[in-house]
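Worksheet: one structure, shown below.
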Amino acid sequence: MTDLYEKWASALRDLDVRHPRDGAVPTLKLIEGVPPSLQVSVREHACNVTGGSIDELPVSTVRLTFWPGITLARQWIAAAWAGYLQHEALELVTVGERTERPLDPHREPYATNPYNRGLRDGFPVELTWGSLERALAVVMDPIHARSLIVAKRSPP
Numbered sequence: 320m321t322d323l324y325e326k327w328a329s330a331l332r333d334l335d336v337r338h339p340r341d342g343a344v345p346t347l348k349l350i351e352g353v354p355p356s357l358q359v360s361v362r363e364h365a366c367n368v369t370g371g372s373i374d375e376l377p378v379s380t381v382r383l384t385f386w387p388g389i390t391l392a393r394q395w396i397a398a399a400w401a402g403y404l405q406h407e408a409l410e411l412v413t414v415g416e417r418t419e420r421p422l423d424p425h426r427e428p429y430a431t432n433p434y435n436r437g438l439r440d441g442f443p444v445e446l447t448w449g450s451l452e453r454a455l456a457v458v459m460d461p462i463h464a465r466s467l468i469v470a471k472r473s474p475p
């Protein structure tokens with residue numbers, strides 16, 4: 320295991336991430352590699368279409384290209400999880416017979432859909448200083464997100 324993997328493992332240790340739906344269990348799995356990756360999924364996720372349950376819903380996999388420190392790492396995970404829950408919440412607001420969403424996070428083009436910002440920016444494909452700042456800005460004013468990054472990157 321690499322030093323980067325060990326540092327991310329320390330950030331995940333004792334971190335409790337919960338889902339608001341009873342029975343849904345978030346899973347954060349650290350995958351070895353260069354760089355390591357964080358695989359996020361939800362077990363026993365309720366399906367909005369069928370009313371049933373999905374055994375394991377993949378949410379995202381993020382390449383962890385650097386170590387921002389334990390505090391900022393945990394702040395990112397909190398902001399990213401909130402972004403995912405925002406995506407979930409937008410799916411739950413429908414019109415009529417649940418066929419139309421006023422702010423549909425699945426609207427095409429999916430990759431640039433402004434209503435999918437919570438999930439896309441929260442859990443980017445690759446974590447960099449820039450994507451970390453965008454993830455934090457999902458839950459706070461961008462100026463405050465920038466100040467957290469600057470404070471960490473500035474020498475003491």
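In the numbering used here, the protein residues as written are 320 to 475. We put the CB at the ideal spot given by N, CA and C, even for glycine.
Just the Cα atoms here: how many angstroms apart are residue i and residue j?
{"i": "R283", "j": "P474", "result": "Because the chain in this structure spans residues 320 to 475, residue 283 falls outside the shown range and cannot be described."}
{"i": "A470", "j": "P387", "result": "11 Å"}
{"i": "A398", "j": "N432", "result": "19 Å"}
{"i": "V353", "j": "R417", "result": "43 Å"}
{"i": "G413", "j": "L323", "result": "According to the sequence as given, residue 413 is Thr; it is not Gly. Straight-line Cα distance between these residues: approximately 43 Å."}
{"i": "F442", "j": "R426", "result": "18 Å"}
{"i": "T447", "j": "R472", "result": "12 Å"}
{"i": "S372", "j": "T346", "result": "16 Å"}
{"i": "A456", "j": "H463", "result": "8 Å"}
{"i": "R382", "j": "Q405", "result": "22 Å"}
Buried or exposed for residue i, going by 16 or more other Cβ atoms inside 10 Å?
{"i": "I287", "result": "Look at the range of the chain in this structure, 320 to 475, and you will see that residue 287 is not part of it."}
{"i": "E485", "result": "Residue 485 lies beyond the residue range present for the chain, which begins at 320 and ends at 475; the question has no answer from this structure."}
{"i": "P424", "result": "buried"}
{"i": "R337", "result": "exposed"}
{"i": "L411", "result": "exposed"}
{"i": "A430", "result": "exposed"}
Please name the residue in the options whose C-alpha comes closest to that of residue i.
{"i": "T380", "options": "W400, H463, P387 and I462", "result": "W400"}
{"i": "G437", "options": "L411, V444 and V458", "result": "V458"}
{"i": "D335", "options": "G415, L411, R393 and N432", "result": "R393"}
{"i": "L331", "options": "P339, I350, R340 and H338", "result": "I350"}
{"i": "E407", "options": "E325, D333 and P339", "result": "P339"}
{"i": "G449", "options": "T346, S372, T384 and V378", "result": "T384"}
{"i": "I468", "options": "E325, E452, S372 and D460", "result": "E452"}
{"i": "V378", "options": "R439, D460 and H463", "result": "R439"}
{"i": "R420", "options": "L357, A430, S372 and L409", "result": "L409"}
{"i": "L422", "options": "L404, E325 and Y434", "result": "Y434"}
Find out if the Cβ-Cβ distance for the pair residue i, residue j is shorter than 8 Å.
{"i": "V344", "j": "V359", "result": "no"}
{"i": "E375", "j": "G342", "result": "no"}
{"i": "G402", "j": "A328", "result": "no"}
How close, in whole Å, do the beta carbons of residue i and residue j come, if the pair is a contact with beta carbons under 8 Å?
{"i": "P355", "j": "T321", "result": "7 Å"}
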